[in-house]
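Residue numbers (this note's numbering): 1 to 141.
Let me begin by presenting the structure, written as structure tokens, before commenting on it.
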């Protein structure tokens with residue numbers, strides 16, 4: 001995957017190397033599992049940025065042949081992609097909770113992605129906030 005550091009030595013990226021990385025990223029985006037929680041706008045942004053890097057590397061044997069501004073632009077584009085994909089992968093991580101219902105000794109396991117848990121928490125908070133504002137709930141006691 002993309003694992004680029006800010007050091008010049010690690011920026012030795014040829015067009016062929018990038019094509020292989022791009023193909024792997026495109027495959028991961030398309031499989032519906034690896035980056036399942038990535039938004040449509042972020043998915044489009046990743047593809048657009050990959051295209052931009054491809055056009056900059058077209059016909060280039062080594063990144064060393066590019067000027068400093070082009071290297072910086074490529075590095076910044078790589079960092080953008082890294083940030084988006086890292087967050088999407090973290091949001092797609094499955095978290096399981098093993099708990100007991102009140103008054104029961106039977107344990108149940110409930111698994112959700114990090115993003116699903118966050119959406120559920122936000123929806124619950126929103127619901128509670130609306131109830132408090134409408135005079136229903138703890139603030140009215």
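Where is the CB? At the ideal position from N, CA and C, for every residue including glycine.
Computed from a prediction, not measured in an experiment: that's the story for all the values here.
{"Check": "Leaving out five residues on either side along the sequence, give the residues of the same chain with a beta carbon under 8 Å from the beta carbon of residue 95.", "Outcome": "111, 112, 113, 114, 117"}
{"Check": "Give the DSSP-derived three-state secondary structure of residue 66 in the structure shown.", "Outcome": "coil"}
{"Check": "So is residue 128 buried or exposed if we call it buried at 16+ other beta carbons inside 10 Å?", "Outcome": "exposed"}
{"Check": "Looking at the structure shown, is residue 106 part of a helix, part of a strand, or coil, going by DSSP?", "Outcome": "coil"}
{"Check": "Count the CB pairs spanning the segment 36-44 and the segment 74-92 that are closer than 8 Å, and state whether there are at least three.", "Outcome": "yes"}
{"Check": "By Cβ distance, which residues of its chain are closer than 8 Å to residue 107, with the 5 residues on each side in sequence left out?", "Outcome": "98, 99, 100"}
{"Check": "Counting only runs of 4+ residues fully inside the segment 71-139, write out the alpha helix (DSSP H) ranges in chain order.", "Outcome": "114-133"}
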